[in-house]
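Mapping of the sequence shown onto numbering that gives the first Met the number 0: residues 0 to 320, in sequence order.
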Amino acid sequence: MRRLFAALAVGLVALTGCTSTAASGDEPIGDRPVRVTTTTNFITDTVAQIGGDNVEVTGLMGPGVDPHLYRASAGDVQSLRDADVIFYGGLQLEGRMGDLLEELAATQTTKAVTDDIPRENLLAPAPGAKEQYDPHVWFDVALWKQASTTIADTLAERDPARAAEYQANLERYLAELDELDAYIMARMAAIPPEHRLLVTSHDAFEYFGRRYGIDVAGIQGISTAAEATTADIERVAALIASRGVPAVFVESSVPRQTIEALIASATARGATVTVGGELYADAAGDPGTPEGTYIGMLRANADLIADGLIPDELITDGPGA
Ligand SMILES: [Zn+2]
């Protein structure tokens, strides 16, 4: 008898293991919108672009929220349980929601948008980070096209009656992402090669650097939880001075004094460097503004970086002129 139970249990695990929807997540959606709950606000936007009127998206994390440190509130848990589909970043981006998301996956369609990215296309995390891979894939638009396709496929699987609409929206959106990718390429290519160094306050931009040909020097660990050391600051200041990099970039979540110490150290080495402005890293901007979308967020970053690193006399020769 015990053996029979064991066999049944194994069969059940195999059954639930090979289908992404289970238990309560199986009823047809019908005419109502698909209820989707997401984590970061750029995932929220991407789902809205692909789902259109067929989805009702609730995003848990607004502008300026750090997904590495975010803990779900009781209201968030309810919103997740009420969802037909849950999308999150994965690769341990939502470090403190891992157990919860795993638990929800047993009964609901729960999908990491990075699931279908081939592992060989992922980067290793910064030294000392807890993740197995660098989770900041959204800064490589080619990888975000894959994430967008995963979103469309998952919606179509859960709501097959409207699969053609998700596919049409996806194709339109992928064309916009191609345009975005080309725009960023052109803006980065206009930066003099010696200035192609992005100095910023958390290691969110490694994928950006790899895709668009910019060296990246982070002065903090990959997770915003890690603090910059004096040795980090000295190392980056030396790099700024030796390459004549005119600007460094900040994030709102990082202590001002870290950047100030960096600029002081670079200046002492003979560099002339200013703060180029605040980049969007782990969250898009305010809803209703261009920067509140994934595309707007990446464009704003590309413009800020290019404007900060291209000497004034070359600006009129940029692609926008
Ligand atoms: Zn991050």
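A virtual CB, placed ideally from N, CA and C, is assigned to each residue, including glycine.
- By DSSP's assignment, L308 forms no beta bridge with any residue.
- Taking the CA atoms as reference points, T292 sits about 7 Å from G284.
- Of the residues A128, D44, N168 and T288, the one whose Cα lies closest to the Cα of A203 is A128.
- Sequence-distant partners of M60 (beyond 5 residues in either direction) whose C-beta falls short of 7 Å from its own C-beta, in its chain, are T38, T39, N40, P66, Y69 and A282.
- The set of residues with a C-beta under 5 Å from any non-hydrogen atom of ligand 1 comprises A203 and D281, given in chain order.
- In the displayed model, Y172 falls within a helix according to three-state DSSP.
- Secondary structure at L261: helix, using DSSP grouped into helix, strand and coil.
- Cβ contact annotation for E233 (same chain, cutoff 8 Å, sequence separation greater than five): S264, in chain order.
- A straight line joining the alpha-carbon of V64 with that of I49 spans about 23 Å.
- Rounded to the nearest whole angstrom, the C-alpha separation of I85 and Q77 is 12 Å.
- About 12 Å separates the CB atoms of V274 and I239; that is not less than 8 Å, and the two are not in contact.
- Taking the Cα positions, Y172 is about 23 Å away from R31.
- Each of H135, R242 and D98 was checked against the Cα of R195, and the nearest Cα belongs to R242.
- R34 is positioned such that its CB atom lies no closer than 7 Å to that of A104.
- In this structure, the CA atom of P245 is about 14 Å from the CA atom of I258.
- Bounds of the beta strand (DSSP E) holding F86 are V84 to Y87.
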